[in-house]
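Residue numbers (my numbering), protein chains in the order written: chain A, 49 to 359; chain B, 49 to 359. Here a beta-carbon is modelled for each residue, glycine too, at the ideal position from N, C-alpha and C. To start, the structure under review is shown below, and the notes come after it.
2 protein chains.
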Amino acid sequence: MVSISDVAHEAHVSKMTVSRVINHPEQVSAEIRTDVQQVISQLGYVQNRAGKALANNRHYNIAFILLDDINEIEPYYAHLLMHLTDALRNEGYTLEMRHDRNFDLTNVDGFLVCGARHSDFDILNNLPIPVVIYGTEAGITSVDIDNKAGTYLATQLLINQQYQRLLFLGMAIDEPFETNREAGYRQAMQETGREPEIHHLPNNEQIAFQFLQNSHLSANTGIIAATDRLGLGALRASRHQGLAVPDEVGIVGFDGIYIHQLAEQSLTTVQQPLKEIAEKMVQLLLAELSGESVTSEYVVPELIHGETTIK
Amino acid sequence: MVSISDVAHEAHVSKMTVSRVINHPEQVSAEIRTDVQQVISQLGYVQNRAGKALANNRHYNIAFILLDDINEIEPYYAHLLMHLTDALRNEGYTLEMRHDRNFDLTNVDGFLVCGARHSDFDILNNLPIPVVIYGTEAGITSVDIDNKAGTYLATQLLINQQYQRLLFLGMAIDEPFETNREAGYRQAMQETGREPEIHHLPNNEQIAFQFLQNSHLSANTGIIAATDRLGLGALRASRHQGLAVPDEVGIVGFDGIYIHQLAEQSLTTVQQPLKEIAEKMVQLLLAELSGESVTSEYVVPELIHGETTIK
DNA sequence: GAGAAACCTGTTACCGGTAACATCGAGAAT
DNA sequence: ATTCTCGATGTTACCGGTAACAGGTTTCTC
């Protein structure tokens with residue numbers, strides 16, 4: 049592996065000049081700068097992360113902490129992880145995965161957290177290194193999807209498609225993302241003078257399926273599900289009861305995890321833009337690391353039209 | 049963060065003695081050793097990876113390269129990744145994810161590769177740092193599941209359950225894992241004097257579903273699927289045609305990715321023991337890194353009884 | 001009981017990089 | 001012409017850890 053000394057020697061300058069060309073190119077004369085840059089690309093020099101880490105009192109390593117059950121969220125976990133890694137790699141950082149609540153500070157510069165619950169926020173708020181969470185909570189830098197806007201869009205879609213009864217399948221947990229998804233539905237209903245009808249269930253397609261078997265379904269029903277898993281349960285129940293989807297029952301899920309696979313019909317859904325989320329999380333974390341003060345950000349969900357809504 | 053110097057100072061010894069207590073404890077007198085160990089745990093000292101990396105001419109970072117389409121294999125990708133990370137973390141390494149064919153050597157000590165195809169092996173064979181692949185190929189250290197044993201078990205199960213016709217749904221690719229899965233089926237068929245019936249399809253539940261709609265199904269059929277996705281398609285087709293599963297049609301998948309979710313009935317399947325696979329991969333890679341010569345390993349698949357086979 | 005060997009601990013130098021300071025030459029100011 | 005300033009580069013020291021060697025005791029050997 050070629051080191052900064054090799055470059056320095058080859059370019060007949062000191063290591064320090066090479067370092068400057070990389071980190072503060074404006075401090076180096078144009079002539080020497082191009083010389084050195086040429087030698088760098090000629091030798092294929094890449095900075096050694098360990099050396100840089102030691103000199104800068106950094107680790108160039110970020111811990112990604114997954115607090116959700118991995119079985120619950122595999123599909124988007126994998127994608128989020130991939131996008132986070134890519135974004136960090138571009139900045140010379142590695143991503144280390146964890147799935148416990150130790151928040152071990154050794155050899156990491158910051159935390160990216162996914163699936164944090166109320167009970168975690170106290171600890172997260174008092175960590176001595178930067179933290180960015182995926183989700184919403186006052187006091188912690190976060191990136192979140194606009195959940196309310198998502199279900200609002202979904203509900204509007206089903207309203208426009210003339211379904212008479214509009215049902216919301218929510219999750220049986222007390223977390224902001226659930227409350228907000230419900231709020232989006234409520235708002236769309238209220239604006240069009242409809243009575244909301246809300247059921248809370250565990251986030252499981254089988255349970256949703258069974259619940260809807262108990263005479264909750266009828267023709268001309270639109271179902272707004274708080275998650276794709278619930279939406280998938282609704283799809284199965286509809287088909288099982290001989291109700292045509294989307295002609296008699298329309299369904300919109302939330303998350304966008306089943307687009308590529310599995311569903312008997314592809315689910316219309318509110319998709320989480322995972323790449324954008326990952327990039328924003330990394331951007332915020334690195335900004336915090338360089339001492340900037342940052343504010344939480346929201347991303348806009350996108351309605352993906354599948355085969356469970358009309359047209 | 050407490051450094052080795054802090055420990056040395058507190059324990060009234062040199063840095064070198066502390067280093068020895070950690071890396072070569074047998075070289076230090078019992079008395080001093082316990083002293084130092086006590087100071088270490090008292091101060092909560094943990095080695096700095098960057099310092100260690102620089103001194104040892106290592107990076108303590110491994111690249112995990114995913115060459116499969118992430119959409120194809122999300123579910124087990126997420127789990128494999130988690131187990132790999134855990135195993136490496138125990139040894140002081142981080143795992144860095146990639147999904148391209150660059151095999152960039154900078155800042156990594158070795159590669160773990162998943163989803164490599166024939167065309168990749170030339171490059172992999174000539175990399176100057178250790179590589180362990182998930183799968184089989186002569187010349188490259190690998191960990192693989194015994195695919196043949198898996199389908200052999202699956203086929204035997206369906207034979208024992210008295211299904212008359214036994215169908216194998218294979219994948220339409222020419223890779224060892226496919227050939228071996230087919231071979232396990234063939235062997236079990238041959239040993240019981242049956243005629244194999246094999247169809248090759250793209251690995252997609254919808255395609256399997258449609259294929260089986262064309263009069264390929266009948267009562268008293270056992271289906272051995274080369275993947276869970278094909279198995280899921282078979283399950284849907286059976287149900288759609290009013291064939292009772294498992295009473296009239298028995299189905300066994302392969303991979304174990306749908307155990308926790310999604311299927312209308314849980315799929316009986318040949319499960320890949322991902323934790324064991326991950327641990328073996330890491331163990332082999334680290335052994336190679338310390339100069340030992342290693343040989344590829346196989347892990348034994350386990351039959352998971354779901355609701356698509358009898359009892 | 002002297003020399004050798006074994007054992008234990010400390011010292012030095014280095015891994016690759018960068019901050020802080022030192023140096024040097026050229027042009028500006030007076 | 002002399003000093004001042006500034007821009008460009010080099011030198012030194014250090015980040016945290018470890019290999020290689022040095023030095024000091026103790027134990028063994030005959």
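Residue i and residue j closer than 8 Å at C-beta
{"i": "Y200 (chain A)", "j": "S190 (chain A)", "result": "no"}
{"i": "P349 (chain B)", "j": "Q331 (chain B)", "result": "no"}
{"i": "I246 (chain B)", "j": "G281 (chain B)", "result": "no"}
{"i": "I360 (chain A)", "j": "V61 (chain A)", "result": "In this structure chain A extends from 49 to 359, so residue 360 (chain A) is not present and cannot be described."}
{"i": "L249 (chain A)", "j": "L215 (chain A)", "result": "no"}
{"i": "Q313 (chain A)", "j": "L283 (chain A)", "result": "yes"}
{"i": "T275 (chain B)", "j": "L315 (chain B)", "result": "no"}
{"i": "N155 (chain A)", "j": "Q212 (chain A)", "result": "no"}
{"i": "T142 (chain A)", "j": "E144 (chain B)", "result": "yes"}
{"i": "I118 (chain B)", "j": "H147 (chain B)", "result": "yes"}
{"i": "S53 (chain A)", "j": "N96 (chain A)", "result": "no"}
{"i": "G301 (chain A)", "j": "A273 (chain A)", "result": "yes"}
{"i": "L115 (chain B)", "j": "R165 (chain B)", "result": "yes"}
{"i": "A98 (chain B)", "j": "A335 (chain A)", "result": "no"}
{"i": "G257 (chain B)", "j": "A285 (chain B)", "result": "In the sequence as presented, Gly is not what sits at residue 257 (chain B); that position holds Phe. Yes, the pair counts as a contact, with Cβ atoms nearer than the cut-off."}
{"i": "A126 (chain A)", "j": "A103 (chain B)", "result": "no"}
{"i": "V69 (chain A)", "j": "Q86 (chain A)", "result": "no"}
Cβ neighbour criterion (16 or more within 10 Å) applied to residue i
{"i": "N105 (chain A)", "result": "exposed"}
{"i": "N262 (chain A)", "result": "exposed"}
{"i": "E74 (chain B)", "result": "exposed"}
{"i": "S266 (chain B)", "result": "exposed"}
{"i": "G290 (chain B)", "result": "exposed"}
{"i": "K359 (chain A)", "result": "exposed"}
{"i": "I271 (chain A)", "result": "buried"}
{"i": "D152 (chain A)", "result": "exposed"}
{"i": "G354 (chain B)", "result": "buried"}
{"i": "I171 (chain B)", "result": "exposed"}
{"i": "G92 (chain A)", "result": "exposed"}
{"i": "S341 (chain A)", "result": "exposed"}
{"i": "L77 (chain A)", "result": "Here the sequence assigns Ser to residue 77 (chain A), which means Leu is not the residue at that position. S77 (chain A) should be labelled exposed."}
{"i": "S167 (chain B)", "result": "exposed"}
{"i": "N252 (chain A)", "result": "buried"}
{"i": "E185 (chain B)", "result": "buried"}
{"i": "I110 (chain A)", "result": "buried"}
{"i": "T240 (chain B)", "result": "exposed"}
{"i": "D157 (chain B)", "result": "buried"}
{"i": "T133 (chain A)", "result": "buried"}
Pick from the options that is closest to residue i, judged by C-alpha positions
{"i": "L351 (chain B)", "options": "B:E340, B:E144, B:I305 and B:L334", "result": "B:I305"}
{"i": "R242 (chain B)", "options": "B:P250, B:L280 and B:T203", "result": "B:T203"}
{"i": "N174 (chain B)", "options": "B:I188, B:R137 and B:Y346", "result": "B:I188"}
{"i": "V179 (chain B)", "options": "B:H353, B:G354, B:G339 and B:T357", "result": "B:G339"}
{"i": "A231 (chain B)", "options": "B:F257, B:L206 and B:G198", "result": "B:G198"}
{"i": "L128 (chain A)", "options": "A:L334, A:L337, A:L315 and A:K323", "result": "A:K323"}
{"i": "M237 (chain B)", "options": "B:T316, B:K196 and B:D303", "result": "B:K196"}
{"i": "D303 (chain A)", "options": "A:E185, A:I271, A:I193 and A:V69", "result": "A:I193"}
{"i": "D83 (chain A)", "options": "A:H72, A:I221 and A:E58", "result": "A:E58"}
{"i": "E327 (chain B)", "options": "B:L114, B:M130 and B:R146", "result": "B:M130"}
{"i": "F159 (chain B)", "options": "B:Y108, B:H166 and B:A126", "result": "B:Y108"}
{"i": "L205 (chain A)", "options": "A:S344, A:T317 and A:Q90", "result": "A:T317"}
{"i": "S67 (chain B)", "options": "B:M49, B:V94 and B:Q90", "result": "B:V94"}
{"i": "F112 (chain B)", "options": "B:E345, B:N71 and B:M329", "result": "B:M329"}
{"i": "F259 (chain A)", "options": "A:E223, A:M219 and A:F225", "result": "A:M219"}
{"i": "Q295 (chain B)", "options": "B:V347, B:Q209 and B:R81", "result": "Strictly speaking, residue 295 (chain B) in this sequence is Asp, with Gln absent from that position. D295 (chain B) has its Cα closest to that of B:Q209, out of B:V347, B:Q209 and B:R81."}
{"i": "E223 (chain A)", "options": "A:I207, A:H264, A:P244 and A:F169", "result": "A:F169"}
{"i": "A135 (chain A)", "options": "A:C162, A:R229, A:I325 and A:V347", "result": "A:I325"}
Paired residues, beta bridge with residue i - DSSP
{"i": "Q319 (chain B)", "result": "B:D303 and B:E350"}
{"i": "F216 (chain B)", "result": "B:I246 and B:I272"}
{"i": "S190 (chain A)", "result": "A:I181"}
{"i": "E345 (chain A)", "result": "A:V191"}
{"i": "G298 (chain A)", "result": "A:G270"}
Distance cut-off 7 Å: residue i Cβ against heavy atoms of the ligand GDP
{"i": "G198 (chain B)", "result": "This structure does not include the ligand GDP; it has no bound ligands of any sort."}
Problem set entry | Residue ranges of each beta strand (DSSP E) within the segment 146–178 of chain A, 3 or longer | 158–162
Exercise. Can you list the beta strand (DSSP E) stretches of 3 or more residues lying completely in the segment 73–157 of chain B, in chain order?
Worked result: 109–114 and 142–146
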